[in-house]
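**Q** In full-length UniProt numbering, the protein residues as written are 1 to 359. Got a structure for you, written out below as structure tokens; questions coming shortly.
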């Protein structure tokens, strides 16, 4: 067991330097545009060069609160179950975003080393007990080569879904790739999506961090929402963009409070947008929260805000939480799933957590 004090200290050190709605059945049935730099990059030690089936081990987390193991309610969320994920495969880790199928079983995820991870969550009753059918594969560019062959084209941080199309956001180059999973699943080729010129002006390591595609029947239907981690407008709020769709494309802002930065986002069936946020301070350490925003209030030139429905700190079983998604069970419960990025560190952890949203 890792000493908690050491893990806390390491998380604080890392966080100081950190960027401090249903998944289509087709996609999971089988488990200002910028020219890329000409200079090739040498793949990193955690990059995946070709598709491979991998083993992932899971240790259950019976409770979420380290200080009160009997506690299950946290704001508007009720803890269901959690897993600590490990693997002998060296490229497993760095999980930055995930999307689930309507049953909350099949998933696709990306790591921040330019890799796909697909597989299935195994349940016993309502609790997660492991992962199965897990495969790792490289994200491919339009040339059929892993995107990691391009300099700085590796930091895949976000996923959005539109039918069989999967959008992936790359933070350090502030680009978005679109994949058609109907044409090869994770073997499909990514095409660069034209983005507003202001996207390219986002900070190098605090740029595109979250993507959400709005489906039919909701405000902003057909629009890709792209949110920055800590790109700030003149008022110090978090910059975001509306791309495509019938609504006028443009830029809007999410009000920034308490020094939180955006790490991911997900849509609820109700049409509300959940944003997962994190922060670091030398006094308070690492913290995360979830805010609920009304999709109907988002418009070009506007500033949107909403209440925090969940807060957690190092007194809870958290790590560098980077991904969130939502699905509805057969019983009608809305379940939120979160995943953490371990930064490929021996001291940090890959966590998979689930909560029920108590309306």
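From the three backbone atoms N, C-alpha and C, an ideal C-beta is built for every residue, glycine too.
Among all the DSSP beta bridges, which residues are the ones paired with residue 279?
**A** Counting from 1 along the chain shown, the entry for residue 279 is found at position 279. 287, per the DSSP bridge assignment.
**Q** Curious, which full-length beta strand (DSSP E) runs of at least 3 residues does the stretch 288-343 contain?
**A** For the stretch 288-343, whole beta strand (DSSP E) runs of length 3 or above, ordered along the chain, are 308-313, 321-328 and 334-340.
**Q** Under the three-state reduction of DSSP, which class applies to residue 127: helix, strand or coil?
**A** Your numbering for residue 127 matches position 127 in the chain shown. Of the three classes helix, strand and coil, the one that applies to residue 127 here is strand, per DSSP.
**Q** Look at residue 176 and residue 295 and say whether their C-beta atoms are less than 8 Å apart.
**A** Along the chain shown, read from residue 1 onward, the residue named residue 176 stands at position 176. Along the chain shown, read from residue 1 onward, the residue named residue 295 stands at position 295. Cβ distance not < 8 Å, so residue 176 and residue 295 don't count as in contact.
**Q** Taking the CB atoms as reference points, tell me whether residue 141 and residue 189 lie closer together than 8 Å.
**A** The count along the chain shown starts at 1 and reaches residue 141 at position 141. The count along the chain shown starts at 1 and reaches residue 189 at position 189. Closer than 8 Å, so yes.
**Q** I'd like to know whether the C-beta of residue 278 is nearer than 8 Å to at least one C-beta of chain C.
**A** The structure shown contains no chain C; it holds only a single protein chain.
**Q** Extract the residue ranges of the beta strand (DSSP E) inside the stretch 40-101, only unbroken runs of 3 or more that lie entirely within it.
**A** As far as the stretch 40-101 is concerned, its whole beta strand (DSSP E) runs of at least 3 residues are 57-61, 77-86 and 95-100.
**Q** Figure out for me which residue from 104, 170 and 324 has the closest Cα to the Cα of residue 121.
**A** Counting from 1 along the chain shown, the entry for residue 121 is found at position 121. Looking at the Cα atoms, 104 is the closest of the given residues.
**Q** In its own chain, which residues sit with a C-beta less than 6 Å from the C-beta of residue 211, not counting the 5 before and 5 after it?
**A** The sequence position of residue 211 within the chain shown is 211, counting from 1. For residue 211, where only same-chain residues beyond five positions count, the Cβ hits under 6 Å are 158, 160, 167, 169 and 226.
**Q** For the 8 Å Cβ check, are there 3 or more pairs between the stretch 110-124 and the stretch 59-79?
**A** The stretch 110-124 is not in contact with the stretch 59-79.
**Q** What do you get for residue 282, buried or exposed, if any count of 16 or more other CB atoms within 10 angstroms of its CB means buried?
**A** What you label residue 282 is simply residue 282 of the chain shown in a count that begins at 1. Residue 282 should be labelled exposed.
**Q** Compare the beta carbon distance of residue 392 and residue 204 with 8 Å and say whether it is the shorter of the two.
**A** The requested residue 392 is not part of the displayed model; the chain covers only 1 to 359.
**Q** Just mark residue 248 as buried or exposed, buried being the case when its beta carbon has 16 or more other beta carbons within 10 Å.
**A** Residue numbering aside, residue 248 sits at position 248 when the chain shown is read from its first letter. Exposed.
**Q** Which residue from 129, 224 and 238 puts its Cα closest to that of residue 196?
**A** Counted from its first residue, the chain shown places residue 196 at position 196. With distances taken between Cα atoms, residue 196 lies closest to 224.
**Q** If you reduce the DSSP assignment to three classes, tell me which class residue 138 lands in.
**A** By 1-based counting over the chain shown, the position of residue 138 is 138. Reduced to three states, the DSSP call for residue 138 is strand.
**Q** Pick from 265, 198 and 88: whose alpha carbon is nearest that of residue 46?
**A** In the chain shown, the residue the question calls residue 46 occupies position 46. Closest option to residue 46, Cα to Cα, is 88.
**Q** Grab the span of the beta strand (DSSP E) containing residue 350 for me, first residue to last.
**A** Within the chain shown, residue 350 is the residue found at index 350, counting from 1. Looking at the DSSP string, the run of the beta strand (DSSP E) that includes residue 350 is 350-357.
**Q** Take the Cβ of residue 90 as the centre, count every other Cβ of all protein chains shown within 10 Å, and call the residue buried at 16 or more, exposed below.
**A** Here residue 90 corresponds to residue number 90 of the chain shown, with the count starting at 1. It is exposed - the Cβ of residue 90 has fewer than 16 other Cβ atoms within 10 Å.
**Q** Among residues of its own chain, excluding the 5 on either side of residue 364, which ones have a beta-carbon nearer than 7 Å to its beta-carbon?
**A** This structure does not reach residue 364, given that the chain is present from 1 up to 359, and the question cannot be answered.
**Q** Are residue 128 and residue 96 touching if we call contact CB-CB under 8 Å?
**A** Residue 128 sits at position 128 when you count from the first residue of the chain shown. Residue 96 sits at position 96 when you count from the first residue of the chain shown. Their beta carbons are not under 8 Å apart, which means residue 128 does not touch residue 96 by this criterion.
**Q** So, for residue 268: in the same chain, excluding its five sequence neighbours on each side, which residues have a beta-carbon less than 6 Å away from its beta-carbon?
**A** On the chain shown, residue 268 is found 268 positions in, with the first residue counted as 1. Answer for residue 268: 326, listed in chain order.
**Q** Roughly how many angstroms separate the alpha carbons of residue 123 and residue 130, rounded to a whole number?
**A** Start at 1 with the first residue of the chain shown, and residue 123 comes out as number 123. Start at 1 with the first residue of the chain shown, and residue 130 comes out as number 130. Approximately 7 Å, taken between the alpha carbons.
**Q** Kindly indicate the opening and closing residues of the beta strand (DSSP E) around residue 270.
**A** For the purposes of this step, residue 270 is identified with residue 270 of the chain shown, where counting begins at 1. Premise fails: residue 270 is in no beta strand (DSSP E) and is neither H nor E.
**Q** Using three-state DSSP, classify residue 159 as helix, strand or coil.
**A** As a working note, residue 159 is residue 159 in the chain shown. Three-state result, residue 159: strand.
**Q** Check residue 204 in the structure and name its three-state DSSP category.
**A** Here residue 204 refers to the residue found at position 204 when the chain shown is read from its first residue. In this structure, residue 204 counts as coil in the three-state DSSP scheme.
**Q** What is the residue span of the beta strand (DSSP E) that residue 250 lies within?
**A** Within the chain shown, numbered from 1, the residue matching residue 250 stands at position 250. 250-254 is the span of the beta strand (DSSP E), which, as asked, contains residue 250.
**Q** Could you check the C-alpha separation between residue 279 and residue 207 for me, to the nearest Å?
**A** The residue given as residue 279 occupies position 279 in the chain shown. The residue given as residue 207 occupies position 207 in the chain shown. Cα-Cα distance, rounded: 16 Å.
**Q** Between residue 324 and residue 264, is the Cβ-Cβ spacing less than 8 Å?
**A** On the chain shown, position 324 is the one that residue 324 refers to. On the chain shown, position 264 is the one that residue 264 refers to. In this structure, residue 264 lies closer than 8 Å to residue 324 by Cβ.
**Q** Taking its Cβ as the centre, do 16 or more other Cβ atoms sit within 10 Å of residue 57, making it buried, or is it exposed?
**A** As a position in the chain shown, residue 57 is number 57, starting the count at 1. Classification for residue 57: exposed.
**Q** Quick check on the DSSP output: the beta strand (DSSP E) that includes residue 108 runs from which residue to which?
**A** Stepping through the chain shown from its first residue, residue 108 is reached at position 108. Unbroken beta strand (DSSP E) run through residue 108: 106-111.
**Q** Does residue 186 pass the burial test, meaning 16 or more other C-beta atoms within 10 Å, or should it be called exposed?
**A** Here residue 186 corresponds to residue number 186 of the chain shown, with the count starting at 1. The residue is buried, with at least 16 neighbouring Cβ atoms inside 10 Å.
**Q** Tell me which same chain residues have a C-beta within less than 7 Å of the C-beta of residue 72, skipping the five on either side of it?
**A** Walking along the chain shown from the start, residue 72 turns up at place 72. So the qualifying residues of the chain are 78 and 79.
**Q** Spell out the partners DSSP gives residue 169 in its beta bridges.
**A** As a working note, residue 169 is residue 169 in the chain shown. Its beta-bridge partners are 158 and 176.
**Q** Please tell me whether residue 163 and residue 219 are closer than 8 Å, where the distance is taken between their beta carbons.
**A** Sequence index remark: in the chain shown, residue 163 carries index 163 (1-based). Sequence index remark: in the chain shown, residue 219 carries index 219 (1-based). No, Cβ-Cβ distance for residue 163 and residue 219 is not below 8 Å.
**Q** Please determine, among 216, 217 and 252, the residue with the shortest C-alpha to C-alpha distance to residue 233.
**A** As a first step, residue 233 is located in the chain shown; it is residue number 233 there, counting from the start. Here the closest residue by C-alpha is 252.
**Q** Pick from 301, 311 and 244: whose alpha carbon is nearest that of residue 258?
**A** Reading the chain shown from its first residue, position 258 is the one you call residue 258. The option with the nearest alpha carbon to residue 258 is 311.
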